[in-house]
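Participant: Chains as they are written, first to last, in my numbering: chain A, 24 to 359; chain B, 9 to 256.
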């Protein structure tokens with residue numbers, strides 16, 4: 024549905040996007056993830072045909088955005104970041120106008136507008152002037168606008184920005200529902216959003232793709248790189264036993280919650296050598312996924328070994344790095 | 009050209025729900041009313057004198073009020089066309105819809121042109137009033153309105169181009185004022201320069217001369233060609249500007 028080849032946007036003083044290549048298949052719901060200022064909006068604007076790339080090309084549904092601009096634009100419903108709307112128009116009026124310029128046939132226009140308003144839950148605001156709408160409603164009118172012509176592809180720039188938690192939940196539910204018939208690319212800087220709505224994510228930072236994979240694959244990246252054990256060890260044999268193991272590293276000892284206890288923290292050595300998070304090919308991500316199960320097995324074997332040595336294991340937990348950590352790791356790796 | 013009708017209708021709505029159009033209409037009709045009053049009084053005072061032009065020609069051709077009001081009216085009608093959309097960001101939604109640059113340009117332009125015509129429409133009353141007291145030469149009236157239409161069409165096209173190249177309405181207003189005022193000043197050159205090519209050129213582009221000619225029923229095709237080129241060139245450039253936003 025989307026094929027972006029070596030997209031570059033150079034603003035003269037800033038290079039917002041550099042050599043970005045990716046594609047989004049039909050029926051996918053893809054999250055476009057990155058910190059503020061990573062080039063998400065710039066990229067989406069290039070995809071939607073609002074600004075042209077300095078280099079590279081975009082195809083939407085097989086149509087080149089530059090050469091076959093009108094056809095390419097007919098394939099997509101685009102919701103810009105700030106949902107710019109005409110304040111002097113009423114909601115229903117605006118959506119009818121949008122349906123008309125998006126070439127919804129006259130006979131189907133009313134039904135299309137009603138459906139879009141229903142989906143975006145703005146029906147009760149039909150006769151309200153847009154200038155009187157709250158930010159949340161504006162956002163949803165923008166969403167209704169993207170939906171009104173039922174395009175095969177939806178490009179949503181931060182669809183939940185500025186909404187309250189209830190509205191966010193509603194919009195996410197809506198996006199999941201829409202994902203059944205539409206291909207969706209949505210940008211966000213909130214990781215949980217990608218987790219709750221998308222099947223795949225593209226992570227960009229400073230205009231470059233730093234990771235790409237299914238949610239499971241990304242999750243695997245954060246999957247337990249380490250664990251913590253809380254031990255009562257009267258014989259003092261645990262540390263020596265742990266040091267002998269080759270499947271863990273970076274062993275650290277800390278004081279425990281009680282005088283008799285102490286804690287140890289360590290990291291698992293990843294299977295098949297260390298896979299950097301920037302490893303993008305699906306094979307690399309699969310490997311990382313494998314290490315999630317591997318970590319469980321390793322942890323189990325450590326515990327049973329310690330118990331056999333007469334060490335009491337009071338507590339054992341894998342520290343699952345949050346997706347936020349993975350994100351920070353992915354995007355800060357580039358900075359250093 | 010696709011989508012121009014939807015854009016035309018939206019522009020008409022936007023123009024007429026804003027106070028701007030009504031304020032402009034009010035001020036414009038006030039000025040025209042004063043101009044008409046002065047003209048009628050002038051003719052009433054010199055009812056015996058024979059003149060080489062009638063009241064219609066005097067109203068449309070001899071009054072400084074008309075060119076002056078056009079210099080204000082046209083830029084005010086066009087200033088928001090693109091500048092406002094770019095400032096508020098709505099241009100992003102507009103240009104990512106499947107409409108061509110020409111569709112946007114033509115839709116917006118025709119909306120201001122229609123508004124311009126609607127603003128002149130009430131002045132037909134003056135002609136009807138004149139008809140109560142004597143005969144009215146309808147072809148002359150037609151020619152006068154054609155002249156005004158031609159001039160306005162050019163001014164509006166220029167104003168739209170200025171709105172497309174500036175991000176602020178105020179800058180768009182000032183730039184188109186300067187351009188239109190420049191054209192007006194150029195026309196005055198007809199009375200300043202010695203006879204020669206320079207004077208001919210000035211006479212050719214003079215708004216004032218065009219009004220004088222058309223208000224006497226003289227329809228000079230060269231003037232219409234000039235007006236038309238003053239429409240076509242800015243429209244073409246505006247479409248190129250709109251396309252350039254998309255391409256770069």
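Ideal placement from N, C-alpha and C gives every residue a C-beta, glycine not left out.
With 16 as the cutoff for other CB atoms within 10 Å, does residue 127 of chain B come out buried or exposed?
Facilitator: buried
Participant: With a 10 Å radius around its C-beta and 16 neighbouring C-beta atoms as the bar for buried, classify residue 34 of chain B as buried or exposed.
Facilitator: exposed
Participant: Is it buried or exposed, residue 358 of chain A, if we count other Cβ atoms within 10 angstroms and call 16 or more buried?
Facilitator: Note that residue 358 of chain A scores 42 on pLDDT, short of 50, meaning its location in the model is unreliable; the coordinates nonetheless yield the value given after this. Exposed is the call here.
Participant: Mark residue 124 of chain A as exposed unless 16 or more other C-beta atoms lie within 10 angstroms of its C-beta, in which case mark it buried.
Facilitator: buried
Participant: What are the residues of the stretch 85-107 of chain B that lie near chain A, defined by any Cβ-Cβ distance shorter than 7 Å?
Facilitator: Listed by position along the chain: 96, 97, 98, 100, 101, 103, 104, 105, 106 and 107.
Participant: Under 8 Å between beta-carbons, which chain A residues line up against residue 228 of chain B? List them in chain order, please.
Facilitator: Within chain A, no residue comes near residue 228 of chain B; the closest Cβ sits about 40 Å away, beyond 8 Å.
Participant: So does residue 161 of chain A have its beta carbon nearer than 7 Å to some heavy atom of the ligand FMN?
Facilitator: The ligand FMN is not part of the structure shown, which contains no ligands of any sort.
Participant: Going along the chain, which residues of its own chain have a beta-carbon closer than 6 Å to the beta-carbon of residue 19 of chain B, five neighbours each way excluded?
Facilitator: 116 and 119
Participant: Taking only beta-carbon atoms, is residue 73 of chain A less than 8 Å away from chain B?
Facilitator: yes
Participant: Taking the CB atoms as reference points, tell me whether residue 67 of chain A and residue 213 of chain A lie closer together than 8 Å.
Facilitator: no
Participant: Quick check: the stretch 151-158 of chain B against the stretch 174-192 of chain B, are at least 3 beta-carbon pairs closer than 8 Å?
Facilitator: Verdict: no, contact absent.
Participant: Which of helix, strand or coil does DSSP assign to residue 306 of chain A?
Facilitator: Here residue 306 of chain A scores only 40 on pLDDT, less than 50, and its place in the model should not be relied on; the value that follows carries that caveat. Three-state DSSP puts residue 306 of chain A in a helix.
Participant: For the alpha helix (DSSP H) that residue 123 of chain B lies in, which residues bound it at each end?
Facilitator: 109-128
Participant: Going by DSSP in three states, residue 46 of chain A sits in which element: helix, strand or coil?
Facilitator: strand
Participant: Under a Cβ-count criterion, where at least 16 other Cβ atoms within 10 Å of its own Cβ denotes burial, should residue 240 of chain B be classed as buried or exposed?
Facilitator: exposed
Participant: Counting only the same chain and skipping the five closest in sequence on each side, list residues whose C-beta sits under 6 Å from that of residue 138 of chain B.
Facilitator: Closer than 6 Å at the Cβ level, and outside the excluded window around residue 138 of chain B, lie 63 and 144.
Participant: As a quick exercise: from A:73, A:181 and A:285, pick the residue whose alpha carbon is nearest that of residue 106 of chain A.
Facilitator: A:181
Participant: In whole angstroms, what separates the C-alpha of residue 68 of chain B from that of residue 110 of chain A?
Facilitator: Going by the C-alpha atoms only, they are around 39 Å apart.
Participant: How about the stretch 163-177 of chain A and the stretch 122-137 of chain A: do they share at least three Cβ pairs that are nearer than 8 Å?
Facilitator: Touching, yes, given that three or more Cβ pairs across the two stretches are closer than 8 Å.
Participant: If you compare alpha carbons, which of B:224, B:192, B:223 and B:222 is closest to residue 209 of chain B?
Facilitator: B:192
Participant: Of all the options A:342, A:75 and A:43, which has the alpha carbon lying nearest to the alpha carbon of residue 61 of chain A?
Facilitator: Closest option to residue 61 of chain A, Cα to Cα, is A:43.
Participant: When the cut-off is 8 Å and only beta carbons count, does residue 161 of chain B lie next to chain A?
Facilitator: no
Participant: How would you write the range of the alpha helix (DSSP H) that residue 162 of chain A sits in, first residue to last?
Facilitator: 158-170
Participant: Should residue 109 of chain B go down as buried or exposed, given a rule of 16 or more other Cβ atoms within 10 Å for buried?
Facilitator: buried
Participant: Take residue 69 of chain A as the anchor and find which of A:85, A:96 and A:51 has the nearest alpha-carbon.
Facilitator: A:96
Participant: From the DSSP output, in three-state form, read off residue 198 of chain A for me.
Facilitator: helix
Participant: Within 10 angstroms of its Cβ, does residue 230 of chain B collect 16 or more other Cβ (buried), or is it exposed?
Facilitator: exposed
Participant: Under 6 Å Cβ to Cβ from residue 162 of chain B, same chain only, skipping five residues before and after it: list those, please.
Facilitator: 235, 238 and 239
Participant: Which one or two residues does DSSP pair with residue 341 of chain A in a beta bridge?
Facilitator: A:250
Participant: Excluding the 5 residues flanking residue 172 of chain B on each side, which residues of the same chain have their C-beta closer than 6 Å to its C-beta?
Facilitator: 90, 246 and 249
Participant: Can the beta-carbon of residue 30 of chain A be found closer than 8 Å to that of residue 100 of chain A?
Facilitator: no
Participant: Just to confirm my understanding: we take residue 304 of chain A, look at its own chain, exclude 5 residues before and 5 after, and list those with CB closer than 8 Å. What are they?
Facilitator: Residue confidence is low: residue 304 of chain A scores 42 on pLDDT, short of 50, so the model does not pin down where it sits. No coordinate-derived value is stated.
Participant: With respect to the beta strand (DSSP E) encompassing residue 55 of chain A, which residues constitute its N-terminal and C-terminal limits?
Facilitator: Secondary structure note for residue 55 of chain A: its beta strand (DSSP E) is the uninterrupted segment 52-56.
Participant: Is the stretch 221-232 of chain A touching the stretch 261-271 of chain A in the sense that three or more CB pairs, one from each, lie closer than 8 Å?
Facilitator: no
Participant: What span of residues does the beta strand (DSSP E) with residue 211 of chain A cover, start to end?
Facilitator: It spans 206-211 - the beta strand (DSSP E) in which residue 211 of chain A sits, taken as one unbroken run.
Participant: At the level of alpha carbons, what is the spacing between residue 146 of chain A and residue 97 of chain B?
Facilitator: When rounded, the separation of the alpha-carbon atoms in residue 146 of chain A and residue 97 of chain B is 24 Å.
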